[in-house]
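Participant:
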Amino acid sequence: MGGSNSADRVNWGQLKGCNVIIWPDNDEPGFKAAEVIKDKLNKANNHIGFVSIVDPSRLQFNGSVYKDLLPEKWDLADKMPEGMTIANLKEAIENVRAAHLDIQANTERISWCSL
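Heads up, the sequence shown is in numbering that gives the first Met the number 0, so the first residue is 0 and it goes up one at a time.
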């Protein structure tokens, strides 16, 4: 049984209070496991902080969006595809984090305006 099938059996409470970015395996079980993990972490965090999921089928780096760059089932433990670098991975993760922070800032601004 792969790790993606075990996501529901982990004590995610250990990450309470942490900001988390999840990079799932590039397949349907990986995407489903990432959603389970996101839900568990949000519950453990009481929805404070952020939990985001990288979409490995749609990566953004070097100012462009790369669709289907990674092979199916690819994960971070696998060899990187030709032409992709660690810097590209880091930038893709940073772009997910930045997008989440933008959403969070806009939500806070809307909440403040609603008062």
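We put the beta carbon where it would ideally sit given N, CA and C, even for glycine.
These numbers were taken from a predicted model, which means no experiment stands behind them.
So V35 packs on A6, CB below 8 Å; how close in whole Å?
Facilitator: Contact flag correct, Cβ pair sits at about 5 Å.
Participant: Compare the beta carbon distance of A32 and K15 with 7 Å and say whether it is the shorter of the two.
Facilitator: In this structure, K15 does not lie closer than 7 Å to A32 by Cβ.
Participant: Enumerate in chain order the residues of its own chain whose CB-to-CB distance from P80 is below 8 Å, with the five nearest sequence positions on each side excluded.
Facilitator: A distance below 8 Å between beta-carbons, with the five flanking residues on each side excluded, links P80 to the following residues of its chain, in chain order: L68, L69, P70, W73.
Participant: Return helix, strand or coil for V35, following the three-state DSSP convention.
Facilitator: helix
Participant: From the DSSP secondary-structure annotation, give me the bridge partner or partners of K66.
Facilitator: Paired residues: R57.
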